[in-house]
Amino acid sequence: MAGSSHVYQAPRGTRDFLPDDMAVRLHIERAWRDAAVNHGFDEIEGPTFEHLELYTSKSGPGIVSELFSFQRSGGETDFALRPEFTPTLARMAAAQGRGLAVPTRWFSMPWHYRAERPQRGRLREFRQFNVDVIGDPSPAADADTIAVAVAALRSLGLTHDDVQVRISHRAVVNRILADLGVADDRITDAQDLLDKRDRIDPDAFAAKAAELGLTDDAVARLGALGGDSVPASTDPATLAEAWSVPADALTELVALRRELEARGLLDACRWDISIVRGLAYYTGAVWEIHETSGNERAIAGGGRYDQLVESFGGPSLPACGFGMGDVVLELVLRDRDLITDGAELLPRPDAFLVSMGDDTDDAVVPLLTRLRAAGLHARATDKTTRNLGKLIKDANRARARYAVIIGEEFADGRVVVKDLDSGDQTEVELDQLESRLGTG
Ligand code: HAM
């Protein structure tokens, strides 16, 4: 039927994962999971869709245009595919009520859906690593979540020359905005504007700033703020001066700095008051992880949200955490040649079986079955050739560790095992095969 061929293409902003792509995804997810588990976080999951109101109640009806929302046919309830995990997590924590052990450390790596205009680093369907601490108001909790993010990136090969954590604080930003003349009830709008400033043109920025009650001078000061981030080791007096705020506004950041130092994270972090974060629920320290060249959008973003759980009907539970998307992270890893070929990341077979004669073909399936039952990753060639050179090539293409050659020795209870990395070749008794392949 004319005009319907597009249904055979994946929807815009989504991805198909062929085996090599899947290997890359699993490589990233393994780094995420290992870092979170090593830091004492437990894995959770939630539903892919929620009541639409879970999002509109906090962000207003404007958020609907950024969501995939729907009703079931004949139904009246509005749902939305989750655009982020934090509302789900806060809902889950609120539902546990006073039964929730505090602090609770949770992580997840779910799918998210946002009705964005697809572009580099921005898709409509993506995965996001979420790491959150619930019920701990101390900066140690913020630092613990930052430590997980940095550990995951380090294990993927990114150093502090490649990526930086840029930390700011909502209260400090709000103080600066108030000093610049933004009225209390326009502070959220002003934060929103600051968050968008790299994405909108300077005239639109100035027009919106004027509408918020800012003078030209204030707009210039705002534009200049935080243009250069400063090392996390910068002393508080210098910071207070750079940001024109009283030192007492920096108490929490100073405490956070101590916690970062204790975790060896000062070199990974910088203070950057231009980090505002687009989400309304943040109440304290906020941070993003950026590639140092500044070519990509943020790899991760997070912060403290002390009122969200309570606002979902739960007890008063301060919380903090972050989300790290897979799309930008993969771009950064490819930029730095830390992932070149997904095939390199596919699991290597321990054994690759080839039969050299018609009389040994029937031995292949039982031997494969035996090796697999022993927990080995075993494959066999699909080729019908008896040319050993071609069969070994096939084994190498599968990136097997050993080729198991079933030839004339089989009649005497032996096979030839060829180590494909070293090229060494030995005859092995069949009853020794598992231990030979397993221990290498
Ligand atoms: P967010 O800044 O909206 O924060 O997203 C965090 C990260 O998810 C971004 O830095 C980016 O890497 C990735 N991301 C966001 N949108 C897209 C997209 N359309 N395509 C690809 N990647 C994307 C949050 O979502 C907060 N809920 C994070 C959080 C958790 N805060 C506290 N706990």
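In numbering that gives the first Met the number 0, the protein residues as written are 0 to 439. From the three backbone atoms N, C-alpha and C, an ideal C-beta is built for every residue, glycine too. These numbers were taken from a predicted model, which means no experiment stands behind them.
heavy atom of ligand 1 below 8 Å from residue i C-beta
{"i": "residue 84", "result": "yes"}
{"i": "residue 268", "result": "no"}
{"i": "residue 326", "result": "yes"}
{"i": "residue 316", "result": "no"}
{"i": "residue 423", "result": "no"}
{"i": "residue 298", "result": "yes"}
{"i": "residue 111", "result": "yes"}
{"i": "residue 393", "result": "no"}
{"i": "residue 409", "result": "no"}
{"i": "residue 301", "result": "yes"}
{"i": "residue 134", "result": "no"}
{"i": "residue 127", "result": "yes"}
{"i": "residue 42", "result": "no"}
{"i": "residue 131", "result": "yes"}
Whole-angstrom distance between residue j and residue i, CA atom to CA atom
{"i": "residue 177", "j": "residue 256", "result": "25 Å"}
{"i": "residue 19", "j": "residue 336", "result": "16 Å"}
{"i": "residue 447", "j": "residue 397", "result": "This structure does not reach residue 447, given that the chain is present from 0 up to 439, and the question cannot be answered."}
{"i": "residue 241", "j": "residue 186", "result": "21 Å"}
{"i": "residue 97", "j": "residue 219", "result": "48 Å"}
{"i": "residue 85", "j": "residue 414", "result": "56 Å"}
{"i": "residue 439", "j": "residue 348", "result": "For residue 439, the predicted structure reports a pLDDT of 48, less than 50, and the residue's modelled location is therefore unreliable. A value from the coordinates is still provided. Roughly 12 Å separates the two Cα atoms."}
{"i": "residue 432", "j": "residue 416", "result": "9 Å"}
{"i": "residue 412", "j": "residue 404", "result": "12 Å"}
{"i": "residue 228", "j": "residue 47", "result": "37 Å"}
{"i": "residue 341", "j": "residue 333", "result": "11 Å"}
{"i": "residue 167", "j": "residue 278", "result": "14 Å"}
{"i": "residue 343", "j": "residue 17", "result": "14 Å"}
{"i": "residue 182", "j": "residue 211", "result": "8 Å"}
Supposed contact pair residue j and residue i - C-beta distance, whole angstroms, cut 8 Å
{"i": "residue 140", "j": "residue 30", "result": "22 Å between Cβ atoms; not a contact."}
{"i": "residue 380", "j": "residue 393", "result": "5 Å"}
{"i": "residue 423", "j": "residue 400", "result": "The Cβ separation is near 12 Å, so there is no contact."}
{"i": "residue 317", "j": "residue 135", "result": "7 Å"}
{"i": "residue 426", "j": "residue 407", "result": "Going by Cβ atoms, the distance from residue 426 to residue 407 rounds to 11 Å, so no, they are not a contact pair."}
Cβ-heavy atom distance, residue i to ligand 3, below 8 Å
{"i": "residue 54", "result": "With respect to ligand 3, the structure offers nothing, as its ligand set consists of ligand 1."}
Original post:
Taking three-plus beta-carbon pairs below 8 Å as touching, is the stretch 245-264 in contact with the stretch 287-295?
Top reply: The stretch 245-264 vs the stretch 287-295: no contact.
Original post:
How about the stretch 355-364 and the stretch 37-45: do they share at least three Cβ pairs that are nearer than 8 Å?
Top reply: The stretch 355-364 makes no contact with the stretch 37-45: fewer than 3 CB pairs, one atom from each, lie closer than 8 Å.
Subject >> contact_flag[the stretch 320-339, the stretch 372-392] where n(CB pairs < 8 Å) is 3 or more >> reply: The stretch 320-339 makes no contact with the stretch 372-392; the number of CB pairs closer than 8 Å stays below 3.
Original post:
How about the stretch 228-248 and the stretch 122-134: do they share at least three Cβ pairs that are nearer than 8 Å?
Top reply: As far as the Cβ criterion goes, the stretch 228-248 does not touch the stretch 122-134, which means the pair count is below three.
Original post:
Do the stretch 266-285 and the stretch 295-314 meet, that is, are 3 or more Cβ pairs less than 8 Å apart?
Top reply: With a cut-off of 8 Å on Cβ pairs, the stretch 266-285 is in contact with the stretch 295-314, counting three or more such pairs.
Original post:
Does the stretch 160-178 come close enough to the stretch 261-280 to have 3 or more Cβ pairs within less than 8 Å?
Top reply: Counting Cβ pairs under 8 Å, three or more are found: they touch.
Original post:
Taking three-plus beta-carbon pairs below 8 Å as touching, is the stretch 43-63 in contact with the stretch 106-117?
Top reply: Because the criterion of three Cβ pairs below 8 Å is met, the stretch 43-63 and the stretch 106-117 touch.
Original post:
Counting only runs that start and end within the stretch 220-258, where is the alpha helix (DSSP H) found for 4 or more residues in a row?
Top reply: If we require 4 residues or more, the alpha helix (DSSP H) runs fully inside the stretch 220-258 come out as 235-242.
Subject >> In chain order, each alpha helix (DSSP H) run of at least 4 residues that lies wholly inside the stretch 300-377 >> reply: As far as the stretch 300-377 is concerned, its whole alpha helix (DSSP H) runs of at least 4 residues are 307-310, 325-334, 363-372.
**OP:** Identify every run of the beta strand (DSSP E) within the stretch 91-146, keeping only runs that are complete inside it and at least 3 residues long; order them along the chain.
**Re:** Fully enclosed beta strand (DSSP E) runs of 3 or longer: 103-107, 110-112, 124-133.
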